[in-house]
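Each residue of the sequence shown is one higher than the one before, counting from 490 in the working numbering.
To start, the structure under review is shown below, and the notes come after it.
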Amino acid sequence: MHKTYHAIGLMSGSSLDGLDIAYCRLDWDGISVVNWHLEKAETLSFSDIWVKRLAALPEQNALTFAQTDIYFAYYMGGLVNEFINKHQIGPLDFIASHGHTIFHDPSKRYSVQIGNGNALAATTGKTVICDFRMQDVALNGEGAPLAPLADAYLFPGYDFYMNIGGIANISAQYDGKWVAFDVAPANQVFNFLSEKVGKPFDKDGEIASSGKPHPEFLEDLQSLDFFGKTYPKSMGNEWIRKEVLPLFTSSGLPLEDQMATAVEFLAQETAAAISLIRKQEHWPESSAKMLLSGGGTYNKFFVERLSKAMTSINIDIKIPESAVINYKEALLMALLGLLRLEEKPNSMPSVTGANRATVNGGIYLG
C-alpha cells in the first residue's frame, strides 16, 4: 500500500557541531522507499554551555546524567520548534531522533543516547521515535553502524559508502550482501587538534596540509587493538577520549604534524578497510565507486589524501551535492522512523552481528 510520510530527522553527532535537522518526504510502497525529497534542512549550533556539558557528561554522576537526558530533550525540542516556525513546516507525521551518544560498548551490552523521547514529544507536541540501537545490542549486535540502511534505501548504485563524521564508517554491498563498520576517528580528532589553536575545525585541511605525517606515530595509532580486529565492530566516543586523544597529546609533535598524521591515518585505514572487506567476502578487486558524505567531505586535504589511497586499490570517489553531505544522517533517522512505524527491520544483522534482524525504536505520542 502506497503511503507518503512527512518526517523530521534529528542527528547529534560526536563532533558536537550542532543538531542536524532534516524535514523530508518519503514515499513508501509497502516494501521500499520509491521516492524521497529533502524539503528543508539546517544545522543549529549548540550553545557553548551545551557543548561543554555534553563533552563532560561521561565523567559526571548518575543524577547529572539523568537530569541531562531530560534537559537535552527539552533543548532539542526548542530547536525543533524554532526550525518548524522559521520554515513554516507543513504536514509532519513524526520526529525521529538519534539523540546524543554518551556511552557505547556493545561488548558489555549497552549503547546510551540521551535526549528523552517523552520530553521531546511533550515539547514539540509531535510523535517522537528514538532509541534505534539497543534492540540490536540486546541480541548481541553492535547497534552500529546505522548508515547502511540509508545507503540501501536512499542512495543505491554505489559499491562503497563512507560517512566522515566524528567517527568515520564504511558500508559496502556486492551481490545483495551488505557489510559495514566503523573505520577510525575522524572529525573528533581533527576538531580536537584545531581547538588547540583556537579554531573549531581545520578549514579545508589547511593545518594538516602544512605538516608532515610522522611514520612512528602512525604506527602507534595503527597498533591500537581496535584496528587489528575484523568486523563487525563499532567505536565508542569514550574509547576515543581514553585511548586515542591522549596519544596525540603526548606525542610531542608539532600540531601541524599531528594533524597531517591524523589525516594520513584515516586515509590508510579506509584503504585497509576496503581491502579487508574484499578479502573476507571474496569480492572482486575490479574498479568500484564510493560515495562520500559527512562533514569531513569538506576537508579538501583529507579528500586529496584519500583519493591517492583509493587510486592504488581502484576506487573512484564520488562527492554528492552539499545537502547529502550535510544531512545524510538526519535523513537516515527519518528512514529508521518510517521503518519502525511500518514494523520493518531497521537493522542489518550482516552489518551489526546481531542474532537476527530487529525493529528498533520507541514511540512516544505527542
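Where a beta carbon is used, it is the ideal one built from N, C-alpha and C, also for glycine.
The model shown is predicted, which means the values in this text are computed figures rather than measured ones.
Environment of residue i [buried if 16+ CB atoms lie within 10 Å]
| i | result |
| --- | --- |
| Gly-604 | buried |
| Asn-680 | buried |
| Glu-770 | exposed |
| Gly-579 | exposed |
| Gly-717 | exposed |
| Ile-804 | buried |
| Pro-595 | buried |
| Ala-544 | exposed |
| His-703 | buried |
| Asp-714 | exposed |
| Ser-801 | exposed |
| Gly-606 | buried |
| Gln-577 | exposed |
| Ser-534 | exposed |
| Gln-549 | exposed |
| Pro-463 | This structure cannot speak to residue 463, because the chain is shown only from 490 to 855. |
| Arg-829 | buried |
| Gly-614 | exposed |
| Arg-845 | exposed |
| Val-733 | buried |
| Glu-753 | buried |
| Glu-758 | buried |
| Val-792 | buried |
| Arg-622 | buried |
| Val-523 | exposed |
| Asn-574 | exposed |
Beta-carbon gap between residue i and residue j smaller than 8 Å
| i | j | result |
| --- | --- | --- |
| Lys-722 | Glu-818 | no |
| Asn-658 | Pro-634 | yes |
| His-491 | Asp-518 | yes |
| Leu-825 | Leu-628 | no |
| Gly-655 | Lys-789 | no |
| Met-837 | Trp-667 | yes |
| Gly-502 | Leu-821 | no |
| Ala-636 | Tyr-563 | no |
| Ala-756 | Val-672 | no |
| Ala-661 | Ile-520 | no |
| Ser-683 | Phe-706 | no |
| Ala-823 | Ala-496 | yes |
| Glu-528 | Cys-513 | yes |
| Gly-785 | Ala-675 | yes |
| Gln-610 | Gly-855 | For clarity, residue 610 is Ala in the given sequence; the question names Gln instead. Yes, the pair counts as a contact, with Cβ atoms nearer than the cut-off. |
| Ser-586 | Met-565 | yes |
| Ala-511 | Tyr-853 | no |
| Leu-710 | Leu-742 | no |
| Leu-744 | Val-686 | yes |
Identified DSSP bridge partners for residue i
| i | result |
| --- | --- |
| Arg-514 | His-495 and His-526 |
| Tyr-650 | Ser-660 and Leu-780 |
| Val-678 | According to DSSP, Val-678 bridges with nothing at all. |
| Tyr-599 | Asp-594 |
| Ile-696 | Answer by DSSP bridge pairing: none, since Ile-696 is not bridged. |
| Asp-640 | Asp-640 pairs with nothing; no bridge assigned. |
| Met-500 | Asp-509 |
| Asp-671 | Asn-658 |
| Ile-618 | Ala-585 and Ile-852 |
| Lys-666 | Tyr-663 |
Meets three-Cβ-pair contact criterion under 8 Å: the region 608-618 and the region 642-660: At 8 Å Cβ cutoff, the stretches do not touch.
Completely contained alpha helix (DSSP H) runs for the region 520-581, where each covers 4 or more residues: Complete alpha helix (DSSP H) runs here, min 4: 537-545 and 551-576.
At least 3 beta-carbon pairs within less than 8 Å: the region 788-804 vs the region 551-559: With a cut-off of 8 Å on Cβ pairs, the region 788-804 is not in contact with the region 551-559, counting fewer than three such pairs.
Complete alpha helix (DSSP H) runs within the region 772-854 (minimum length 4 residues, chain order): 789-800, 811-830 and 838-841, all fully within the region 772-854.
Three or more C-beta pairs below 8 Å linking the region 808-827 and the region 556-572: By the Cβ criterion, the region 808-827 is not in contact with the region 556-572, since fewer than three pairs of Cβ atoms, one from each stretch, lie closer than 8 Å.
contact_flag[the region 726-735, the region 587-598] where n(CB pairs < 8 Å) is 3 or more: Under the three-pair Cβ rule at 8 Å, the region 726-735 counts as touching the region 587-598.
The region 768-788 touching the region 740-749, judged by at least three CB pairs closer than 8 Å: Touching, no, given that fewer than three Cβ pairs across the two stretches are closer than 8 Å.
Residue ranges of each beta strand (DSSP E) within the region 709-758, 3 or longer: The region 709-758 contains no whole beta strand (DSSP E) run of 3 or more residues.
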